[in-house]
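Read the structure below first, then the notes.
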Amino acid sequence: MKDWEIIADNLSKAGWSLGWVSALDLEGRTIWIVDAHRDGGKRFVVRADEKLTVFVELESAIRAAAAQIQTQRKT
Numbered sequence: 716m717k718d719w720e721i722i723a724d725n726l727s728k729a730g731w732s733l734g735w736v737s738a739l740d741l742e743g744r745t746i747w748i749v750d751a752h753r754d755g756g757k758r759f760v761v762r763a764d765e766k767l768t769v770f771v772e773l774e775s776a777i778r779a780a781a782a783q784i785q786t787q788r789k790t
């Protein structure tokens, strides 16, 4: 299993629905876009130049948002 697949699997097990696509930008470079959403209206869309990078950035964004929610609940 590749690193990006492990991240996708872990997010899926945590209740996130995922979709991803590659596309070409105006300069002909491949970009990756990943979309994650979950019950309750939470949604993240991330773009990066590499497949692994887009999943790492998605995971990081989700963790940061979860940490922020935890902090807000404590106050």
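The numbering used here puts the first residue of the sequence shown at 716, with every later residue one more than the last.
Glycine is no exception: its CB is placed at the ideal position from the N, C-alpha and C atoms.
Small disclaimer: the values here were computed from a predicted structure and weren't measured.
Span of the alpha helix (DSSP H) holding Trp719?
First-last of the alpha helix (DSSP H) with Trp719: 718–728.
Contact set for Gly730: own chain, Cβ-Cβ below 6 Å, skip 5 residues either direction
Around Gly730: Arg753.
Start and end of the beta strand (DSSP E) containing Leu767?
No beta strand (DSSP E) holds Leu767; the alpha helix (DSSP H) holding it covers 766–789.
Suppose contacts are defined by Cβ-Cβ distances below 8 Å. Is Arg762 in contact with Val769 by that definition?
Cβ atoms of Arg762 and Val769: closer than 8 Å.
Would Ile777 and Phe759 qualify as a contact pair, given that the criterion is a beta-carbon distance under 8 Å?
Remark: C-beta atoms of Ile777 and Phe759 approach each other more closely than 8 Å.
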